[in-house]
Structure formats: C-alpha cells, structure tokens
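Enquirer: Handing you a structure now.
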Amino acid sequence: MMSLSSEPRTTATKEKKSSSELVSVKLIEWEDYEQEVARLWSLSSALKEAREKKEGLEGKLHSLNQVEAESLSRLNVLEEIRERVGARKKMMESLSDRLQGAAEKAKKEEQRLGAEVRSLLVAGTALSVANKQLEESNRLLAGESGFLRHRNLQKMLRLRQQFMISQVSLLYSVKMSPGRSQDQELESLPSRSYAGSKLVNPGSLTILGLHLTMLPFTKMSFFSNKKEVQRSATALGYVAHAVSLISSYLKVPIRYPVRLGGSHSYIIDPSPSIEPVSSSMGSSSTTSQSNVKPVEFPLFLDGQDTTRAAYAVFLLNKDLEQLLNYIGVKSLGPRHVLANLKELVRTVQSAEFLES
Numbered sequence: 001m002m003s004l005s006s007e008p009r010t011t012a013t014k015e016k017k018s019s020s021e022l023v024s025v026k027l028i029e030w031e032d033y034e035q036e037v038a039r040l041w042s043l044s045s046a047l048k049e050a051r052e053k054k055e056g057l058e059g060k061l062h063s064l065n066q067v068e069a070e071s072l073s074r075l076n077v078l079e080e081i082r083e084r085v086g087a088r089k090k091m092m093e094s095l096s097d098r099l100q101g102a103a104e105k106a107k108k109e110e111q112r113l114g115a116e117v118r119s120l121l122v123a124g125t126a127l128s129v130a131n132k133q134l135e136e137s138n139r140l141l142a143g144e145s146g147f148l149r150h151r152n153l154q155k156m157l158r159l160r161q162q163f164m165i166s167q168v169s170l171l172y173s174v175k176m177s178p179g180r181s182q183d184q185e186l187e188s189l190p191s192r193s194y195a196g197s198k199l200v201n202p203g204s205l206t207i208l209g210l211h212l213t214m215l216p217f218t219k220m221s222f223f224s225n226k227k228e229v230q231r232s233a234t235a236l237g238y239v240a241h242a243v244s245l246i247s248s249y250l251k252v253p254i255r256y257p258v259r260l261g262g263s264h265s266y267i268i269d270p271s272p273s274i275e276p277v278s279s280s281m282g283s284s285s286t287t288s289q290s291n292v293k294p295v296e297f298p299l300f301l302d303g304q305d306t307t308r309a310a311y312a313v314f315l316l317n318k319d320l321e322q323l324l325n326y327i328g329v330k331s332l333g334p335r336h337v338l339a340n341l342k343e344l345v346r347t348v349q350s351a352e353f354l355e356s
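Here is the structure:
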C-alpha cells in the first residue's frame with residue numbers, strides 16, 4: 001500500500017513541475033476580468049463537485065493514491081489561480097492609483113482651460129467691438145460722407161493751390177524772349193521735349209523781362225557789367241521769392257531755405273560739406289558734424305565770390321527740382337532755373353494736377 005502511495009505522489013510532483021513550467025502569468029484587460037472570475041467560480045464549483053464525488057466514491061475507488069494525486073493536482077491549480085487573483089488585485093490597485101492621479105491632473109487642466117476660455121471670451125468681446133468699429137469706419141469711408149467728401153476736399157485744396165500759384169505766375173511771369181545773346185548760357189531752353197511739355201523754338205526765358213545772363217565761371221568777373229549784375233541779382237531774387245511762395249502753398253518744406261532780400265537774397269545750406277575757414281583757423285582740426293552750422297550763400301555777385309554765387313544758384317535749382325519731384329515731374333536740368341520754374345507753374349495749372 002505504501003509503495004502504491006509513493007508512486008502517485010512522484011507523478012503528481014512531476015505534473016506540478018511541468019504545469020508550473022507551462023503556465024505563465026499573463027495580464028488581461030479589465031473587460032476580461034469577469035470571464036476570469038467566472039472561470040474561477042466554475043473551477044471552485046468543479047472542485048466542490050470533485051470533493052463530493054470523492055466522498056461519494058470513496059468506497060468505490062480501488063486506489064487511495066489516485067484520489068490523492070487528483071486532489072493534489074486540483075490544489076495546485078487552485079494555488080495558481082490564487083496567485084493570478086493576487087496579481088490581478090495588485091494590478092487593479094496600481095491602475096486605481098494611476099486613475100486617481102490622472103483624475104487630479106485632469107481637474108487641474110480643466111481649471112487652467114477654464115481660465116483660458118474666460119480670457120478668450122474677453123478677447124473675443126473686444127475683437128467683436130473692434131470689428132464693429134472697423135465696419136463703421138469702412139462704411140463711413142465708403143459712403144458719400146467718407147471717401148467722396150475726402151476726394152472733394154482734396155480737389156478743392158488742389159483748386160486753391162492752383163489759384164494761389166497762378167497768382168504767383170502772374171506776379172512773376174516767366175516768358176520767352178525773342179532774341180538770344182551769346183552770354184545768355186544759363187537759361188537757354190533745351191531743344192528736347194519732356195513729359196507734359198511742348199516743343200518750343202530755342203530762345204531765352206525771362207522773369208518780368210529780366211534775363212539770367214551769366215559768363216563762364218572761369219573768368220575773373222562773373223558778370224559783364226554792373227547793369228547785368230543788378231538785373232541777374234534781381235531775377236534770382238524773383239525766382240527765390242516765387243519758390244518760397246509755391247513751397248508754402250504746396251505745403252512742401254524746401255531743403256534749402258531762402259532768406260529773402262530782393263536783389264540781395266541768400267539761400268541757406270543747413271549741412272554744408274565744406275565750410276569756409278579763416279586763415280587764423282586754418283591749422284585747427286576739422287569740426288565735428290554736430291557743430292556744423294548752416295551757411296548762407298549769396299544769390300548775387302555784388303562783392304561776392306563767384307563760386308559761392310554759382311553754388312547758391314545750384315541750390316536754388318535743387319529746391320525747384322524738389323518741388324517738381326513732389327508733383328511727379330522730372331527736372332529739366334541743373335542749368336535751367338527759369339525753365340524749371342516755368343515747368344513747375346505749368347504742371348500745377350494743368351488738369352492732371354487736380355487728379356494727382
């Protein structure tokens with residue numbers, strides 16, 4: 001009897017080892033948990049039924065070793081099931097902790113998003129108000145009281161500027177002279193045509209009947225005689241006054257301001273590149289750009305340096321070029337002071353100026 005009992009125990013031990021090697025703990029999802037529980041319940045029921053059969057079949061079994069081996073096998077299965085249940089329980093506790101942490105994090109994120117949503121609502125309200133204001137502005141601009149009114153006001157301003165500059169052209173009329181002398185080099189009209197200007201016969205321009213008659217700068221005297229000196233200085237004074245009036249009417253601050261004095265007018269260079277230096281200061285160092293003062297250049301030659309007077313005429317023509325560029329016209333050249341003035345007046349009095 002003892003030998004029979006030891007042999008089933010050895011077999012059960014081998015089966016237990018083989019089953020423990022084959023069976024491995026596996027993780028299942030929460031949805032499969034009920035199936036596993038049902039399985040455990042069925043196994044428990046089966047175990048209970050086996051025990052009942054054991055009790056009922058004790059008298060019928062021929063070998064107690066077989067019953068004991070079967071019982072050991074059932075116990076081993078139950079032990080494995082208990083271990084699985086314990087692992088499942090630990091896993092569920094871990095999942096519960098993770099879910100609790102995720103819930104707290106979600107709550108904090110919800111609070112943060114709530115604050116952002118409130119700020120977005122405030123910004124959206126402000127944006128809506130701004131859009132309404134923009135639509136109202138666009139409506140006013142597109143309506144008769146907006147763009148059309150602005151256009152009419154601009155046209156009225158252009159008409160007023162035309163009228164004022166026409167008065168300047170009447171006050172300082174620039175006309176063609178029928179004759180032309182050899183020393184009238186500065187104010188000869190170019191033979192080529194420019195945009196908006198008509199071809200005219202070559203001749204000399206005059207302002208109130210006065211020529212700008214100049215000899216070449218290389219000669220000792222800038223003008224041929226005292227009368228020509230006075231006439232040209234007076235003509236330059238007229239041009240300077242006309243330029244000053246036109247710039248004020250067009251609301252264009254000229255780059256080189258004019259100090260009016262009739263035939264003894266001056267033009268100011270606010271930032272001269274080379275400033276006259278006296279002989280006593282010749283050895284001193286060059287002054288810095290911040291200490292450079294505006295320099296006045298004479299628009300006449302009465303007792304003045306010819307180079308300074310020529311530079312003054314050049315700056316006056318630069319002012320005319322600035323006014324021409326403002327109304328969209330190119331300059332006729334650096335040697336055509338009266339021609340540029342005439343072109344300026346003609347362009348302002350044209351119909352294209354009203355639409356500009």
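Residues 1 to 356, numbered by my numbering, are exactly what the sequence shown covers, in order.
Built from N, CA and C at the ideal position, the CB exists for glycine as well.
#1: Name the one or two DSSP bridge partners that residue 259 has.
#2: On a CA-only basis, which of 91, 241, 311, 37 is nearest residue 335? Give me that one, please.
#3: Under a Cβ-count criterion, where at least 16 other Cβ atoms within 10 Å of its own Cβ denotes burial, should residue 269 be classed as buried or exposed?
#4: Classify residue 85: buried if its beta carbon has 16 or more other beta carbons within 10 angstroms, exposed otherwise.
#5: Identify, in the order they occur along the chain, each residue of the same chain with its Cβ nearer than 6 Å to the Cβ of residue 329, setting aside the five sequence neighbours on each side.
#6: Once you ignore the five residues that flank residue 181 on each side, which residues in its own chain have a CB closer than 6 Å to its CB?
#7: Could you name the residues of the same chain whose beta carbon sits closer than 8 Å to that of residue 157, not counting the 5 residues immediately before and after it, in chain order?
#8: By how many angstroms is the C-alpha of residue 162 removed from the C-alpha of residue 152?
#9: With H, G and I counted as helix, E and B as strand and the rest as coil, what does DSSP make of residue 292?
#10: Could you have a look at residue 314 and say whether DSSP puts it in helix, strand or coil?
#11: Go ahead and pull the three-state DSSP assignment for residue 175.
#12: Give me whichever residues DSSP pairs with residue 140 in a beta bridge.
#13: CB-CB under 8 Å to residue 327, same chain, minus the five flanking residues each way: which ones, in chain order?
#14: Could you check whether residue 317 and residue 337 sit closer than 8 Å to each other, using their CB atoms as the reference points?
#15: The alpha helix (DSSP H) with residue 357 in it runs from where to where?
#16: Which term fits residue 108, buried or exposed, when burial requires 16 or more other beta carbons within 10 angstroms of its beta carbon?
#17: At the level of alpha carbons, what is the spacing between residue 32 and residue 125?
#18: From the DSSP secondary-structure annotation, give me the bridge partner or partners of residue 210.
#19: Suppose contacts are defined by Cβ-Cβ distances below 8 Å. Is residue 380 in contact with residue 266 by that definition?
Expert: So, to answer that:
#1: 266
#2: 311
#3: buried
#4: exposed
#5: 347, listed in sequence order.
#6: Low confidence applies to residue 181: its pLDDT is 45, below 50, so where it sits in the model is not reliable, and the reading given next is rough at best. Around residue 181: no qualifying Cβ.
#7: none
#8: 15 Å
#9: coil
#10: helix
#11: strand
#12: In the DSSP output, where bridge partners are listed per residue, residue 140 has none listed.
#13: 250, 344, 347, 348, 353, 356
#14: yes
#15: What the structure shows of the chain is the stretch from 1 to 356, and residue 357 is not part of that stretch, so it cannot be assessed.
#16: exposed
#17: 51 Å
#18: 207
#19: Residue 380 falls outside the range modelled here, since the chain spans only 1 to 356, and no answer is possible.
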